[in-house]
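Report on the structure given below.
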Amino acid sequence: MTKTAPIFSNHGCRLNAYETEAMKELATAAGVDNAIVVNTCAVTSEAVRKARQDIRKLRRDHPGAKLIVTGCAAQTEPETFARMAEVDVVIGNTEKMDPATWAGMAPDLIGQTEPVQVDDIMSVTETAGHLIDGFGTRSRAYVQVQNGCDHRCTFCIIPYGRGNSRSVPAGVVVDQIKRLVDTGYNEVVLTGVDLTSWGADLPATPKLGDLVMRILKLVPDLPRLRISSIDSIEVDENLMQAIATEPRLMPHLHLSLQHGDDMILKRMKRRHLRDDAIAFCQEARSLRPDMTYGADIIAGFPTETEAMFANSLALVEECDLTWLHVFPYSPRPGTPAAKMPQVNGKLIKARAAALRAAGEAQVARHLHAQQGKTHQVLMENARMGRTAQFTEVVFDTDQPESQIVQAQITGFAGTQLTA
């Protein structure tokens, strides 16, 4: 009988995508075949709906395969997926990174597999030890340095899907990055669920800035280091020093801001206020004038009035944000915000559209300002690469893939620069 490699479908964040690549290695090593694995996201109700829709489609397309569901939604609501006729096995976020789980999915054992394998994520105290050398393009690799979250924002279900914060020790991270650089990667991105909490559970409680400085010192051949989403209120002194003094740390930060009104921020149980966000953006840009920001912003959080929304909209220009991830609020059962007075769905949609329009205007302003400038561009394929600020650049002639090339910007089209 011909073996069929497992099919993987990934939903949600970059960390989920990283873990999907790790699961591919684990499943291959265990000899799993004729299986479909759906790695779900739980960040919004819409994310769960899309996962269920994907599961139904995959079952129609592959009626004879074993269908395995995992990820944050499988962790937070395993019964939702266990009840689906299309699903054979549900496994939790800890179990999906365990080689023993995949050994149990091998063809000769699959009939004996427990249909639901989801343990208490809050009891997990270590980060999964599985490291992959080379997730991403041949130019950029992603390294997971942290998992879980100790905070309890009122809108967020993710801590119940990921557990409490756990950090990968600095030495392990540095060793992996050295291997990636040795195999030709020119950029490494540090990822995690709550990246700025890295180190709090390690001896001597180091900070993210300590890790960044250590990487840059001990891996001198790494051309580019990038950090993914951070909580600006938790940024430490060493990270600010790295922003100011380390050109190999890329001038692009994605900020978990969520809103621009103080009362809503308090009701979200965030740890910063509006003025904190503005002050951070101003300080980081004073240290690094070419700094660009992305940000997560929620539209229509419960109790949000027009005046509160106006504060959020104004924050886009006041922080000079460029790349917005706008989330229309949707209640997640089990979170405090789901019990608060909700905003009308049409208003939420309109406010999200207004935020996106503001974001598009900021992108256009950023692109316009780059015309005539020279950038170092990391090529993701023969005709497209990204600047240090993560802006896409399209070339009209082939460039060496995975290499950093110098390019003068001639213009822009859509959301891309041209060179």
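In case it helps, the numbering used here puts the sequence shown at residues 2 to 420. Built from N, CA and C at the ideal position, the CB exists for glycine as well. Computed from a predicted structure; not experimentally measured.
First through last residue of the beta strand (DSSP E) which encompasses Ile410: It is not in any beta strand (DSSP E) - Ile410 carries neither H nor E in the DSSP assignment.
DSSP beta-bridge partners for His255? Gly295
Could you tell me which uninterrupted alpha helix (DSSP H) segments, each at least 4 residues in length, are contained entirely in the region 163 to 230, listed from first to last along the chain? 171 to 183, 209 to 219
Going by DSSP in three states, Tyr19 sits in which element: helix, strand or coil? helix
According to the Cβ coordinates, are Ala296 and Leu325 closer than 8 Å? yes
Once you ignore the five residues that flank Gly415 on each side, which residues in its own chain have a CB closer than 8 Å to its CB? none
Does the pairing of the region 157 to 176 with the region 363 to 380 give three or more beta-carbon distances under 8 Å? no
Under 8 Å by Cβ, that's how I've got Ile158 and Arg333 pegged, so tell me the actual separation to the nearest angstrom. 4 Å
What number of angstroms, rounded off, separates the C-alpha of Leu266 from the C-alpha of Ala48? 23 Å
Which first and last residues belong to the beta strand (DSSP E) in which Thr323 is found? Counting along the chain, Thr323 falls outside any beta strand (DSSP E), and DSSP gives it neither H nor E.
From Val364, Lys218, Asp34, pick the residue whose C-alpha is nearest to that of Pro248; which is it? Lys218
Can you list, in chain order, the residues of its chain with a C-beta nearer than 6 Å to that of Ala171? Leave out the 5 residues immediately preceding and following it. Leu212, Arg215
Distance, Val144 Cα to Leu226 Cα: 11 Å
Just to confirm my understanding: we take Ala75, look at its own chain, exclude 5 residues before and 5 after, and list those with CB closer than 8 Å. What are they? Thr41, Phe82, Val91, Ile92, Gly93, Asn94, Val119
Secondary structure of Gln283, DSSP reduced to three states: helix
Kindly identify the DSSP beta-bridge partner or partners of Tyr143. Val190
Backbone secondary structure at Val364 - three-state DSSP: helix
Starting from the N-terminal side, write out each stretch of the beta strand (DSSP E) that is 3 residues or longer and does not extend beyond the region 15 to 102. 36 to 41, 67 to 72, 90 to 92
Length of the line joining the Cα atoms of Gln283 and Arg57: 47 Å
Does the beta-carbon of Asn11 have 16 or more other beta-carbons within 10 angstroms, so that it is buried, or is it exposed? buried
In three-state terms, what does DSSP make of Met241? helix
So, helix, strand or coil for Ile158, using DSSP? coil
Which residue wins for smallest C-alpha separation from Pro401, given the options Phe328, Gln371, Arg384? Arg384
Whole-angstrom distance between Ala201 and Ala142, CA atom to CA atom: 25 Å
Between which two residues does the beta strand (DSSP E) holding Asn11 run? 8 to 11
Once DSSP output is grouped into helix, strand and coil, what is the label at Leu250? strand
Classify Gly112 as buried or exposed, calling it buried when 16 or more other Cβ atoms lie within 10 Å of its own Cβ. The predicted position of Gly112 is uncertain, since its pLDDT is 46 and thus under 50; a value taken from the coordinates is nonetheless stated next. With fewer than 16 Cβ atoms within 10 Å of its Cβ, Gly112 is classed as exposed.
Range of the contiguous alpha helix (DSSP H) that encloses Met309: 307 to 319
Delimiting residues of the beta strand (DSSP E) encompassing Leu274: That residue, Leu274, is in no beta strand (DSSP E); it is neither H nor E in DSSP.
How long is the line joining the alpha carbons of His367 and Ala280, rounded to whole angstroms? 21 Å
Nearest-angstrom Cα distance between Thr388 and Val117? 45 Å
Could you spell out where the beta strand (DSSP E) holding Met380 opens and where it closes? 375 to 380
In this structure, what does DSSP give as the bridge partners for Leu418? Val394, Phe413
Proximal residues to Leu110 (C-beta, below 6 Å), its chain only, five neighbours per side dropped: Below a pLDDT of 50, predicted positions are generally treated as unreliable, and Leu110, at 46, falls in that range; no measurement from the model is reported.
Might you give, ordered along the chain, the residues of its own chain that have their beta carbon closer than 6 Å to the beta carbon of Gly261, omitting 5 neighbours on each side? Arg275, Asn312, Ser313, Leu316
Buried or exposed for Asp232, going by 16 or more other Cβ atoms inside 10 Å? buried
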